[in-house]
Amino acid sequence: LQSSAVTLARELADMVRGNKSEGIKATSNPYIGSFASPLTFTAPAYCLNVAVASTCVTTVDVANAEMTEWLARVDSELPSARVDICFDSTPFDASGLPQWSCSNTGSVMVIKIGWTRGSTNRGQAGSAGLDRASVPGVVVPVTAGSAT
């Protein structure tokens, strides 16, 4: 699950870099949001589907379609997933642990993904033995990439 979450975060980071005009916006950015299972996008779009005549006319249309499809994949691959995408200058707390809260400051977008997984505490059983994404399991900064 950890590997799947990292792969999904890297894929979204590539999508954001590929649609930079939308990805850099501080406001009205289709990529930014907080999503909890079941993961659904607020403005679902399906214009990237080859079965539908392409209606992805603007960069916003593309971003909405990418988020619709990406969130559906995250939801199908990670149990009880949670995703927060934001600009965050402090994605880790004072103890160095990842945190869900976002400062909404800074110039770096961060993708935070968590999911329900079995606890490593052998003293816990049943539902008490589940870690319900109290902290993100994956935190990936979206870097600008190479200029060439």
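Residue numbers 796 to 943, in the numbering used here, belong to the letters of the sequence shown in order.
Idealized CB from N, CA, C, for every residue including glycine.
(message) Once the 5 residues before and after N899 are set aside, which same chain residues still bring their CB inside 8 Å of it?
(response) These residues qualify, in order along the chain: C881, F882, D883.
(request) Would you mind working out which of C851, Q894, M810 sits nearest Y841, comparing C-alpha positions? (result) Nearest C-alpha to Y841: C851.
(request) Report back the beta-carbon spacing between V878 and L834 to the nearest angstrom; my notes put them in contact at under 8 Å. (result) 6 Å
(request) Please confirm if the segment 855 to 873 is in contact with the segment 803 to 811, defined as three or more CB-CB distances below 8 Å between the two stretches. (result) yes
(request) Examine chain E for any beta-carbon lying closer than 8 Å to the beta-carbon of M810, and answer yes or no. (result) The displayed structure is made up of one protein chain only, and chain E is not part of it.
(request) Consult DSSP for V930 and reduce its assignment to one of helix, strand or coil. (result) coil
(message) Spatial neighbours of L807 within its chain, please: C-beta separation below 7 Å, excluding the five flanking residues on both sides.
(response) Once the five neighbours on either side are set aside, the close Cβ partners of L807 are W865, I906.
(request) Tell me, please, which residues DSSP counts as bridged to P893. (result) Partner(s): F887.
(message) For the beta strand (DSSP E) containing S829, name the first residue and the last one.
(response) Taken as a continuous stretch (DSSP letters only), the beta strand (DSSP E) holding S829 covers 828 to 831.
(message) Can you tell me whether D891 is buried or exposed? The criterion is at least 16 other CB atoms within 10 Å of its CB, across all chains shown.
(response) The question names Asp, yet the displayed sequence has Gly at residue 891. When all chains shown are included, G891 counts as exposed.
(request) Leaving out five residues on either side along the sequence, give the residues of the same chain with a beta carbon under 6 Å from the beta carbon of G901. (result) F882, S884
(request) Spell out the partners DSSP gives K907 in its beta bridges. (result) D879, V934
(message) Whole angstroms are fine: how far does the CA of A939 sit from the CA of K815?
(response) 9 Å
(request) Would you mind sorting A800 into buried or exposed? The rule is 16 or more other CB atoms within 10 Å of its CB. (result) buried
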